[in-house]
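Structure, as structure tokens:
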Amino acid sequence: MEYVKSAFASIKENRGRSFLTMLGIIIGIASVITILAIGNGMKSTVGGELNDMQTGGITIVLNGKKTDKHLTGAEVREIGEKIPEAYGASPSVTGFVDLSARHKISANASGGNENVIYSQNKEVVAGRFFNTEEAESGSAVAVLPQACAAMLFGSTRAVGKIFEMTVNGKSMEITVVGLIKSEEKEIEQAYRIANGTEVSSSYPTIYVPYTLLTQSFGSPGENITSFKIFPHPNEQDAASLRTRRVTESLLGLRGQDAVTVQSYASMLETFNKILNVVTLVVAFVAAISLLVGGIGVMNIMTVSVTERTREIGIRKSLGARTSSILLQFLIESALITLIGGFIGMIAGYSLTFIVSKFMSFPPKIRLEDVALVVAISSSIGLFFGIYPALRAAKMNPIEALRYE
Amino acid sequence: MGKLVDVIDVSKIYNPGENEVRALDHVNLSIDTGEFVAIIGQSGSGKSTLMNMLGCLDTPTSGTYMLHGMDVSHMTDNEQSDVRNREIGFIFQGFNLIQSLTAQENVELPLIYRGVPKKERQELAVTALQRVGLGKRMDHRPTEMSGGQQQRVAIARAIAQAPPILLADEPTGNLDSGSSREIIEIIKNLHKEGRTVILITHDPGIAKQAKRIVTISDGRIQSDIINPDADVSGEAYEKNRE
Chain A
1 MEYVKSAFAS
11 IKENRGRSFL
21 TMLGIIIGIA
31 SVITILAIGN
41 GMKSTVGGEL
51 NDMQTGGITI
61 VLNGKKTDKH
71 LTGAEVREIG
81 EKIPEAYGAS
91 PSVTGFVDLS
101 ARHKISANAS
111 GGNENVIYSQ
121 NKEVVAGRFF
131 NTEEAESGSA
141 VAVLPQACAA
151 MLFGSTRAVG
161 KIFEMTVNGK
171 SMEITVVGLI
181 KSEEKEIEQA
191 YRIANGTEVS
201 SSYPTIYVPY
211 TLLTQSFGSP
221 GENITSFKIF
231 PHPNEQDAAS
241 LRTRRVTESL
251 LGLRGQDAVT
261 VQSYASMLET
271 FNKILNVVTL
281 VVAFVAAISL
291 LVGGIGVMNI
301 MTVSVTERTR
311 EIGIRKSLGA
321 RTSSILLQFL
331 IESALITLIG
341 GFIGMIAGYS
351 LTFIVSKFMS
361 FPPKIRLEDV
371 ALVVAISSSI
381 GLFFGIYPAL
391 RAAKMNPIEA
401 LRYE
Chain B
405 MGKLVDVIDV
415 SKIYNPGENE
425 VRALDHVNLS
435 IDTGEFVAII
445 GQSGSGKSTL
455 MNMLGCLDTP
465 TSGTYMLHGM
475 DVSHMTDNEQ
485 SDVRNREIGF
495 IFQGFNLIQS
505 LTAQENVELP
515 LIYRGVPKKE
525 RQELAVTALQ
535 RVGLGKRMDH
545 RPTEMSGGQQ
555 QRVAIARAIA
565 QAPPILLADE
575 PTGNLDSGSS
585 REIIEIIKNL
595 HKEGRTVILI
605 THDPGIAKQA
615 KRIVTISDGR
625 IQSDIINPDA
635 DVSGEAYEKN
645 RE
């Protein structure tokens, strides 16, 4: 305990130099923490999104570079009926829209047919989903998440309310026919955004009949190049395989590789590959930085030992054993790197926090990361402190006392 | 019972071989508990080597050094550290205080190495500082004190753990005459209280304060006399300096 106290005192005595010594460690630990936090946040967010995608259906895209063929809404429905492993299929038409009621917001409009109800966790909590008739006739109806209703109307009691939607320069009046469940947290946040106390960081998605969007794009019910199928649980692979075959034979595209299936598994694999490369690169940078930082600590501690030769002589003359001096300097270097580690951790989390503002995933502080930082930084200090501490401990007291 | 200090036929040779230097040449010296001995010699006489030897900072090339009945001439570094801690209180010419520590922390240092519990350690340090008249300056750092005050802190550090021997190496060498007198007074009083004091100096005026004067030159003891004029006050010292 006395050693820790005196180590603190001597670090404080040389505040500026101690900080510079810590810099390498700070950068190293900050990058370790950042990559851990971002990696974990990304994994859980993207993983969650991919999970949604899994339950939210498989997307089939006609590759525009290989074919100029397309489907009609009726054909999509027909494909869906030919897949026994799926509940059905829906065209997937999306558009960026401006909504206006009590408040004005921007949103993504996801156009589909009534089968969209089978996707992800779309629990209708009020009203109903639009029906086949509405889906095919371009009815001016919409289903909103509760959070979106809160942002738009300032209330989640929105069934029957009307808002104005502007898409592709055309405005139309839309009636809310149903609400799907949002998380309590999202709703609270939506109210804050409606009040103007918080700025929205992402756009909500509303669900409308696909015909509503294709109409505004000038081609009702046609020109569909992307659609979704909603597979039964655990039958994704069979469903995507069959959908691909059915689509190819319907359009006469067999063997042309023009139908792309964006399955969960393939996206997860791509995502993990990217994440692993990023992790490896940052881990490499962090390792180099920690190594350089450690050498810096060794360097400064060696200088410090030389400067404090007389102090070491005094301590020895007063009865300090070799081990006491060794311990004193080891603790000092470990403390420097430990403090550096903590500063690095704070810097890392701040960085993560800033990055997450732009990338919309929450930073995650995990206890095991903190433990990792403590372990890494103190062992760097101990390892790189050995050489200077040994130098100090092995000094001859007479020569050390004579040192000016 | 044996002597407190018993140096038997000790030699110390630096650079053995062609350019060898005999810093100590078959020295014999005994000191009893409670004595006040001055070891006087010019620089290069071997007095520093003798003091290092007596202080267990160095080991002899040949001969035996018995301290408190123990043979300390062939000890390992750590054993020597323990002996220094237990047996010897050093007072150096350059004070040798640690600049980053307060007076009290400096005095506590040898007690830390001895493993004295915190509370007892603090009490001992405070008592020692009061003993040298620095009860009000315990939180000061060496840079905030005069040379005389710093040397008094060093004395407090030397006596805090009540070692049998006080080893003072030119304790007044860096001080003005007023402070020197104070320091000599304190050392004399410590002797009167029953401590064994070994004073190493080149200054005959200071040496005269001791009851026994050992003169060393060329690594040999030239004379070892009882000083009949040993003065209890500082007057003789003052006279001599003028």
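Residue numbers (the working numbering), protein chains in the order written: chain A, 1 to 404; chain B, 405 to 646. Cβ atoms here follow ideal geometry from the backbone N, Cα and C, with glycine treated the same way.
Using DSSP with H/G/I as helix, E/B as strand and the rest coil, what is E164 of chain A? Strand.
Where the alpha helix (DSSP H) containing F153 of chain A begins and where it ends: 146-153
Short check: CB of S92 of chain A to CB of S240 of chain A, under 8 Å? No, the pair does not count as a contact, with Cβ atoms beyond the cut-off.
What residues from chain B crowd round L36 of chain A, counting only those whose CB sits closer than 9 Å? By Cβ distance, chain B contributes nothing, its closest Cβ being about 37 Å from L36 of chain A, past 9 Å.
Excluding sequence positions up to five away, which residues of its chain have a Cβ less than 6 Å from the Cβ of I162 of chain A? The beta carbon of I162 of chain A sits closer than 6 Å to those of E173, T175, all from its chain and outside the five residues before and after it, given in chain order.
Compare the C-alpha of I444 of chain B against each of B:I435, B:Q534, B:L454 and name the closest. B:L454
Given that a residue counts as buried once 16 or more other Cβ atoms are within 10 Å of its Cβ, and exposed if not, what is R488 of chain B? buried
Where do the N-terminal and C-terminal ends of the alpha helix (DSSP H) with E399 of chain A fall, by residue? 397-402
Which word fits N63 of chain A, buried or exposed, when buried means at least 16 other C-beta atoms lie within 10 angstroms of its C-beta? exposed
Using beta carbons (cut-off 8 Å, strictly below), is S485 of chain B in contact with chain A? yes
Outcome for T352 of chain A when other beta-carbon atoms lying within 10 angstroms are tallied against a minimum of 16: buried
Given 7 Å as the limit, tell me if N63 of chain A has its C-beta closer than that to any heavy atom belonging to the ligand GTP. Within the structure as shown, the ligand GTP is missing, as the structure has no ligands at all.
Cα-Cα separation, G313 of chain A to L579 of chain B: Straight-line Cα distance between these residues: approximately 22 Å.
Separation of K592 of chain B from K615 of chain B, as counted between CA atoms: 10 Å
Cα separation between K357 of chain A and S504 of chain B? 45 Å
Which residues in chain B sit within 7 Å of P397 of chain A, going by Cβ to Cβ distance? L461
Would you mind telling me which residues of chain A sit closer than 7 Å to I620 of chain B, beta carbon to beta carbon, in chain order? Here the premise fails: no neighbours, minimum Cβ distance about 18 Å.
Alpha helix (DSSP H) containing P514 of chain B: first to last residue? 507-518
If you run the structure through DSSP and keep just helix, strand and coil, what is N108 of chain A? strand
Can you tell me which of the three DSSP states Y207 of chain A falls into? strand
Run through chain A and tell me which residues come within less than 7 Å of Y517 of chain B, C-beta to C-beta. Neighbours of Y517 of chain B in chain A, taken as residues at a C-beta separation under 7 Å, are given in chain order as L318, G319, A320, S324.
Hey, which unbroken runs of the alpha helix (DSSP H) at 4 residues or more fall wholly within the region 257-341 of chain A? Complete alpha helix (DSSP H) runs here, min 4: 264-307, 309-317.
Okay, do the region 190-208 of chain A and the region 132-148 of chain A touch, 3+ Cβ pairs below 8 Å being the bar? yes
Do you know offhand how far R310 of chain A's Cα is from F329 of chain A's? 14 Å
Please confirm whether I224 of chain A and G73 of chain A have their CB atoms less than 8 Å apart. yes
Cβ neighbour criterion (16 or more within 10 Å) applied to N115 of chain A: buried
Using a Cβ-Cβ cut-off of less than 8 Å, list which residues of the region 299-316 of chain A approach chain B; keep chain order. Within the region 299-316 of chain A, contact with chain B at the beta-carbon level (separation under 8 Å) is assigned to R310, E311, G313, I314, R315, K316.
Since T333 of chain A and G385 of chain A should fall inside the 8 Å C-beta cutoff, what is the C-beta to C-beta distance between them, to a whole number of angstroms? Before going further, note that residue 333 of chain A is Ser rather than Thr in the sequence given. Going by Cβ atoms, the distance from S333 of chain A to G385 of chain A rounds to 3 Å, so yes, they are a contact pair.
For chain B, is any of its Cβ atoms less than 8 Å away from the one on A392 of chain A? no
In the DSSP assignment, what are the bridge partners of K66 of chain A? For K66 of chain A, which the question treats as bridged, DSSP gives no partner whatsoever.
Measuring alpha carbon to alpha carbon, tell me which residue in B:T506, B:M457, B:A442 is nearest R561 of chain B. B:T506
Distance between T247 of chain A and N131 of chain A (C-alpha atoms, nearest Å): 24 Å
Evaluate Y418 of chain B with the Cβ neighbour count: other Cβ atoms within 10 Å of its Cβ, from every protein chain shown; 16 or more gives buried, anything less gives exposed. exposed
Hey, I398 of chain A and L570 of chain B: beta-carbon distance below 8 Å or not? Cβ distance not < 8 Å, so I398 of chain A and L570 of chain B don't count as in contact.
Would you verify that the beta carbon of R488 of chain B is, or is not, closer than 8 Å to some beta carbon of chain A? yes
Distance, I33 of chain A Cα to M542 of chain B Cα: 45 Å
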